[in-house]
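Visitor: Protein chains in written order, with our numbering: chain G, 12 to 244; chain V, 734 to 931.
Every residue, glycine too, gets a C-beta built ideally from N, C-alpha and C.
A single structure is presented below for examination.
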Amino acid sequence: MTLLYPLQSLAAHPARLSPDYRSTVKRSPSRPLIPMRHTLSELTGPVYGHETVRANDNDLTIQAKGEPLGERIIVHGHVRDEDGRGVPNTLVELWQANACGRYIHVVDQHPAPLDPNFTGAGRTQSDDRGYYKFITIKPGAYPWGNHHNAWRPAHIHFSVFGHSFVSRLVTQMYFPGDPLFPFDPIFNSVTDEKARARMISSFDLENTKPEWALCYRFDIVLRGRNATPMETK
Amino acid sequence: MSNQRPDGITPSQTVGPYFKYGLTPNGEYEWNDAFSNNLLTPDTSGERIRVEGKVYDGDGAVIPDCMLEIWQADSQGRFSDPQDKRALPNSSFKGFGRCGTDKSGGYSFDTIKPGVVPDADGKPQAPHILLAVFARGMLLHLYTRIYFDDETANAADSTLALVPADRRATLIAKKTGGNAYTFDVHLQGDNETVFFDV
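See the structure below:
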């Protein structure tokens, strides 16, 4: 069965049942998924109007009266498909913990301070070539109850749409060189080392803003339509 | 560097337990919603319906931290996406909705009964809504389809035909009166919903 969006691309994803991440045990299907041919329903996807994203929604440091605490950073990158084409005008949403590793979500009871000047939510639309940019605060690591002394490496959650409903992606961006990588079952649910590396941003000195903010680059690769051969060097 | 062919897609990671203030704030957090669970616009034509239900885990416990997204055609079977090369919709109906589950695992969407969309061979499909399910404990979202129990076209639908007969009912929303349909999602267990490998 040849699909416009080949299923082979999905091999990069984690197994839904990854028992080291305990919550997957009761939240993953036990029966095999049913293969089917993509129809127009799968091959189309939502398009956004200008009403979805407001002017400063991509700057998480100016949403409150004062400036949030923590290390100000620029996070930017290219949304493209696996054929190397930029994905223009697509919605990119992010959410994250504050510099102390605390989310404003009411369920988060980690005894680290909330920051009244930081919500941790942002969104933007990629430009006509597929590039996006956020200004935010470097999030902190935080403990969670998965196992004894479990800590999540610092990360930023990303939600991206792409060309169709089957190119939808929710992922997490990590920071280079994090010492918590070997111990995190969510990060390591991606078993292929090269695929894991694609979730790690790179330090981008060139686009750092002197006297103001460091910069990290995070490119996002979505499923592409039927791998048309491209020139590679 | 960016012009080189990537060596693969970015892997999925769980939406986690704390997405609500960013993705489905719904008035509970100081952030506006990009999307809502009400897809209706004043100029939307078609049969107005509500699809509602609960999401359950493998123990039969409700999942209060789940996010559901739907994608569907308008009442004439057209998608609000220029990639659908047929006649463009004439209303502001977008066909996309998002809803976080509440404390009892419940969700609802106000929308319209979608029209007929062709399958991969050009044959008509029964009216259906695509549903994507995200939650803590799910490293990768799941896709399923919502069909309707009052549609005779279900019998000839090429996708439903792929599903073992004894599991087909998990894909069919039941009319519960008025314009409401119930569609529960079971991630695992005896009543496990059929999910598609797409």
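Looking only at its own chain, which residues have a Cβ that is under 6 Å from the Cβ of V/Gly833, when we skip the five neighbours before and after it?
Guide: Lys753, Thr757, Met800
Visitor: Evaluate G/Val98 with the Cβ neighbour count: other Cβ atoms within 10 Å of its Cβ, from every protein chain shown; 16 or more gives buried, anything less gives exposed.
Guide: buried
Visitor: Using a 10 Å radius around the Cβ and a threshold of 16 neighbouring Cβ atoms, would you call G/Gly235 buried or exposed?
Guide: The residue is buried, with at least 16 neighbouring Cβ atoms inside 10 Å.
Visitor: Going by DSSP in three states, V/Lys908 sits in which element: helix, strand or coil?
Guide: strand
Visitor: Starting from V/Val748, find everything on chain G with Cβ-Cβ shorter than 8 Å and list it in chain order.
Guide: His168, Ser170, Val181
Visitor: DSSP has V/Glu785 in a bridge; who is on the other side?
Guide: V/Ser841, V/Thr915
Visitor: Please report the Cβ distance between V/Ser943 and V/Val795, rounded to the nearest whole angstrom; I am assuming they are in contact, meaning their Cβ atoms lie under 8 Å.
Guide: Examination of residue 943 of chain V is not possible in this model, given that chain V is present from 734 through 931 alone.
Visitor: If we ignore side chains and look at the alpha-carbon of each, how far apart do V/Val896 and G/Gly56 end up?
Guide: One alpha carbon belongs to V/Val896, the other to G/Gly56, and they sit about 24 Å apart.
Visitor: Can the beta-carbon of G/Arg207 be found less than 8 Å from the beta-carbon of V/Leu920?
Guide: No, Cβ-Cβ distance for G/Arg207 and V/Leu920 is not below 8 Å.
Visitor: Return helix, strand or coil for G/Ala108, following the three-state DSSP convention.
Guide: Coil.
Visitor: Using the beta-carbon of each residue, which ones in chain V are nearer than 8 Å to G/Asp94?
Guide: Arg738
Visitor: Would a check of beta-carbon distances place V/Pro860 closer than 8 Å to chain B?
Guide: Of the protein chains in this structure, namely G and V, none is chain B.
Visitor: Put V/Ala829 into one of helix, strand or coil per three-state DSSP.
Guide: Position check: residue 829 of chain V holds Phe in this sequence, whereas Ala was assumed. Reduced to three states, the DSSP call for V/Phe829 is strand.
Visitor: Name the chain G residues that come within less than 7 Å of V/Lys753, Cβ to Cβ?
Guide: His116
Visitor: With a Cβ-Cβ cutoff of 8 Å, do V/Leu872 and G/Arg27 count as a contact?
Guide: yes
Visitor: Along the chain, where does the beta strand (DSSP E) containing G/Ser170 start, and where does it finish?
Guide: Looking at the DSSP string, the run of the beta strand (DSSP E) that includes G/Ser170 is 166-171.
Visitor: Which residues of chain G have a Cβ atom closer than 7 Å to the Cβ of V/Ile742, listed in chain order?
Guide: Ser20, Ala23, Glu93, Val232, Leu233, Arg234
Visitor: Could you tell me which of V/Ala859, V/Pro857, V/Arg811, V/Thr877 sits nearest to G/Ile45, measuring between CA atoms?
Guide: V/Thr877
Visitor: Nearest-angstrom Cα distance between V/Phe812 and V/Ser825?
Guide: Those two C-alpha atoms are separated by around 11 Å.
Visitor: Just confirm the distance between the C-beta atoms of V/Tyr840 and G/Asp119, as a whole number of angstroms; I'd bet it's less than 8 Å.
Guide: Going by Cβ atoms, the distance from V/Tyr840 to G/Asp119 rounds to 22 Å, so no, they are not a contact pair.
Visitor: Taking buried to mean at least 16 other C-beta atoms within 10 Å of its own C-beta, is V/Asp798 buried or exposed?
Guide: Buried: at least 16 other Cβ atoms inside 10 Å.
Visitor: Would you decide whether G/Asn160 is buried or exposed? Buried here means 16 or more other CB atoms lie within 10 Å of its CB.
Guide: By the beta-carbon neighbour count (other beta carbons within 10 angstroms, threshold 16), G/Asn160 is exposed.
Visitor: Using the C-alpha atoms, what's the distance from V/Ala868 back to G/Ile167?
Guide: C-alpha separation (whole angstroms): 16 Å.
Visitor: Does the Cβ-Cβ distance between G/Thr147 and G/Leu71 come in under 8 Å?
Guide: yes
Visitor: Quick check on this structure: which residue in V/Asp835, V/Ala913, V/Asp882 has the alpha carbon closest to the alpha carbon of V/Lys787?
Guide: V/Asp835
Visitor: What is the DSSP secondary structure of G/Lys220, counted as helix, strand or coil?
Guide: If DSSP states are grouped into helix, strand and coil, G/Lys220 belongs with the strands.
Visitor: Do G/Leu125 and G/Phe169 have their CB atoms nearer than 8 Å?
Guide: Cβ atoms of G/Leu125 and G/Phe169: not closer than 8 Å.
Visitor: To which residues does DSSP link G/Met184 through a beta bridge?
Guide: According to DSSP, which records beta bridges pairwise, G/Met184 is partnered with G/Ile167.
Visitor: Can you give the Cα-Cα distance for G/Thr135 and G/Asn100, rounded to whole angstroms?
Guide: 9 Å
Visitor: Do the segment 86-94 of chain G and the segment 48-55 of chain G meet, that is, are 3 or more Cβ pairs less than 8 Å apart?
Guide: Contact between the segment 86-94 of chain G and the segment 48-55 of chain G is absent: fewer than 3 CB-CB pairs across the two stretches fall below 8 Å.
Visitor: Against chain G, which members of the segment 826-851 of chain V pass a CB distance test of less than 8 Å?
Guide: Among the residues of the segment 826-851 of chain V, those with a Cβ less than 8 Å away from any Cβ of chain G are Lys827, Gly828, Phe829, Val850, Pro851, in the order of the chain.
Visitor: One question on the structure: do G/Glu82 and G/Asn128 come within less than 8 Å of each other, judged by their Cβ atoms?
Guide: no
Visitor: For the segment 32-44 of chain G, enumerate the residues whose C-beta is nearer than 9 Å to any C-beta of chain V, in chain order.
Guide: Tyr32, Arg33, Ser34, Thr35, Val36, Lys37, Arg38, Ser39, Pro40, Ser41, Arg42, Pro43, Leu44
Visitor: Assess contact between the segment 816-830 of chain V and the segment 758-767 of chain V, defined as three or more Cβ pairs (one per stretch) separated by less than 8 Å. Is contact present?
Guide: no
Visitor: Helix, strand or coil for V/Asn771? Go by DSSP, reduced to three states.
Guide: DSSP places V/Asn771 in strand when its eight states are reduced to three.
Visitor: G/Lys144 CB to nearest chain V CB: under 8 Å?
Guide: no
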